[in-house]
């Protein structure tokens, strides 16, 4: 039969003219020449199934092609993205290396500057400690000159005749007074103040040192009776040496 000869497995494709003839015959519901209506229907069914298979295969092929194109596009995009990321990474790494080098150079320069500053500060501190007494020494030169003149006057007094000793003694006293004045001026220029309490002043334990007690009924207990040595203050608050005095105590008070 036609089915057995033309549509055996695998089925043969119909030519476009045969397919059109079968399709028109089925639409007009007229048997084709030399074929029964049943054979025509079978052929149409087979052609329809074959067309469906072809359509599905083509759709699948198109879908696969589309998927492959999409994957290729995605891969291309990923490659482009990876390229951009790689370029950015290289740029960032290069910038990091350059920054590290600049920071290293800046750190070396800073360390060198700090070392020079430390050396300069240490040298200045050493010089300041070494020559700290220079201002005081300069101010005491005048005192030394006056002391030298005082000693010269004392030697002249020893060798002088009795008639001229009175004049030399007066000169010696004047020289001693000038020497003391110059010494006090030198100390005052360095903020050293002389503390010399008067008799009858209240005893101040912060600036005075009691060397011995004095029992004096007429004097008020707790006051200064005798001044042995004057005291000295630096900047008016630090005691360089307390004034050494004798202090009046009550008659019943013991040592």
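Residue numbers (my numbering): 166 to 420. Ideal placement from N, C-alpha and C gives every residue a C-beta, glycine not left out.
Within 8 Å of any Cβ in chain D, is that where the Cβ of residue 379 sits? Of the protein chains in the structure, only one exists, and it is not chain D.
Does the distance from the CB of residue 344 to the CB of residue 311 come in under 8 Å? Working through the chain shown from its first residue, we reach residue 344 at position 179. Working through the chain shown from its first residue, we reach residue 311 at position 146. Yes, the pair counts as a contact, with Cβ atoms nearer than the cut-off.
Of the listed residues 388, 395, 211, nearest to residue 413 (C-alpha basis): Counting from one through the chain shown, the residue named residue 413 turns up at place 248. It is 388.
So, helix, strand or coil for residue 355, using DSSP? For the purposes of this step, residue 355 is taken as the residue at position 190 of the chain shown. Three-state DSSP puts residue 355 in coil, outside helix and strand.
Residue 191 versus residue 236 - alpha carbon distance: Walking along the chain shown from the start, residue 191 turns up at place 26. Walking along the chain shown from the start, residue 236 turns up at place 71. For residue 191, the predicted model reports a pLDDT of 47, less than 50, meaning its position is unreliable; a value from the coordinates is still stated below. The C-alpha of residue 191 lies about 45 Å from the C-alpha of residue 236.
Leaving aside the five residues before and after residue 319 along the sequence, list all residues of the same chain whose C-beta is less than 8 Å from its C-beta, in chain order. Mapped onto the chain shown, residue 319 falls at position 154. Excluding sequence neighbours, residue 319 sits near 337.
From 283, 347, 315, residue whose alpha carbon lies closest to that of residue 335: Along the chain shown, one-based indexing puts residue 335 at 170. That would be 315, whose Cα lies nearest to the Cα of residue 335.
Since residue 361 and residue 293 are thought to touch, with beta carbons under 8 Å apart, how far apart are those beta carbons, to the nearest angstrom? As a position in the chain shown, residue 361 is number 196, starting the count at 1. As a position in the chain shown, residue 293 is number 128, starting the count at 1. Going by Cβ atoms, the distance from residue 361 to residue 293 rounds to 32 Å, so no, they are not a contact pair.
Element boundaries [beta strand (DSSP E), containing residue 370]: Translated into the one-based positions of the chain shown, residue 370 becomes position 205. Neither: residue 370 is in no beta strand (DSSP E) and is coded neither H nor E.
Kindly list the residues whose CB is nearer than 8 Å to the CB of residue 273, restricted to its own chain and excluding five residues on each side of it in sequence; keep chain order. Here residue 273 refers to the residue found at position 108 of the chain shown. Excluding sequence neighbours, residue 273 sits near nothing in its chain.
Of the choices 405, 354, 363, 233, whose alpha-carbon is the least far from that of residue 390? Residue numbering aside, residue 390 sits at position 225 when the chain shown is read from its first letter. Checked all of 405, 354, 363, 233; the closest Cα to residue 390 is 363.
On the premise that residue 302 lies in contact with residue 359, defined as a C-beta separation below 8 Å, what is that separation, rounded to the nearest angstrom? Counting from 1 along the chain shown, the entry for residue 359 is found at position 194. Counting from 1 along the chain shown, the entry for residue 302 is found at position 137. Wrong, their Cβ atoms sit about 19 Å apart, outside the cutoff.
Out of 339, 346, 242, 291, point me to the one whose CA is closest to residue 307's CA. Counted from its first residue, the chain shown places residue 307 at position 142. Answer by Cα proximity: 346.
Among the residues of its own chain, which have a CB less than 8 Å from the CB of residue 368, if the five just before and after it don't count? Along the chain shown, read from residue 1 onward, the residue named residue 368 stands at position 203. Residues of the same chain with a CB within less than 8 Å of the CB of residue 368, apart from the 5 flanking positions on each side, are 375, 387, 388, 389, 410, 412 in chain order.
In the DSSP assignment, the beta strand (DSSP E) including residue 411 goes from what residue to what residue? If you number the chain shown from 1, residue 411 lands on position 246. Per DSSP, residue 411 belongs to the beta strand (DSSP E) from 408-414.
Taking a contact to mean a Cβ-Cβ separation below 8 Å, would you say residue 416 touches residue 351 in this structure? For the purposes of this step, residue 416 is taken as residue 251 along the chain shown, with counting starting at 1. For the purposes of this step, residue 351 is taken as residue 186 along the chain shown, with counting starting at 1. Against a cut-off of 8 Å, the Cβ pair of residue 351 and residue 416 comes out as no contact.
Is it buried or exposed for residue 373, if we count other Cβ within 10 angstroms and need 16 for buried? Residue 373 sits at position 208 when you count from the first residue of the chain shown. So residue 373 counts as buried.
For a test of the three-state rule: what should DSSP assign to residue 313, helix, strand or coil? Counting from one through the chain shown, the residue named residue 313 turns up at place 148. In this structure, residue 313 counts as helix in the three-state DSSP scheme.
Per the DSSP calculation, residue 398 is bridged to which residue(s)? Position 233 of the chain shown holds residue 398. In the DSSP output, where bridge partners are listed per residue, residue 398 has 358, 404.
Tell me whether residue 340 is buried or exposed, calling it buried when 16 or more other Cβ atoms sit within 10 Å of its Cβ. Locating residue 340 in the chain shown gives position 175, where the first residue counts as 1. That one is buried.
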